[in-house]
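Letter 54 of the sequence shown, counting from 1, is numbered 222 in the numbering used here, and no numbers are missing. Every residue, glycine too, gets a C-beta built ideally from N, C-alpha and C. Since the structure is predicted, the reported quantities are computational estimates derived from the model, not experimental observations. For reference, the structure discussed in these notes is given below.
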Amino acid sequence: MAIRAGASDLVRFHLRRGGQVNRQDDSGTSLLMYAASRGYAEICQILLEAGADPVLKNHQGQDALSLA
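Written out as structure tokens, the structure reads:
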């Protein structure tokens, strides 16, 4: 996954090709939550500009800000 690698160019590429910006995994963690938890500020900005929902919560009730 581009976010795991901290690869902002790949994140942009996937979003341009129709990647789902608010996709969540089995635990409810969104791409924005994952990037925030890793400290990837540039990727967080890219995701937010693409329409990522900053108030989505995972199954533990955490949002991106609480994981940052």
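C-beta contact flag for residue i and residue j at 7 Å
i: residue 200; j: residue 178; result: no
i: residue 195; j: residue 226; result: yes
Residue i in three-state terms, based on DSSP
i: residue 192; result: strand
i: residue 224; result: coil
Exposed unless 16 or more other CB atoms sit within 10 angstroms - verdict on residue i
i: residue 232; result: buried
i: residue 209; result: exposed
Opening and closing residue of the alpha helix (DSSP H) in which residue i lies
i: residue 179; result: 176-184
i: residue 202; result: 199-206
Contacting residues, own chain, Cβ-Cβ under 6 Å from residue i (five flanking each side not counted)
i: residue 224; result: 198
i: residue 236; result: 204
i: residue 221; result: 190
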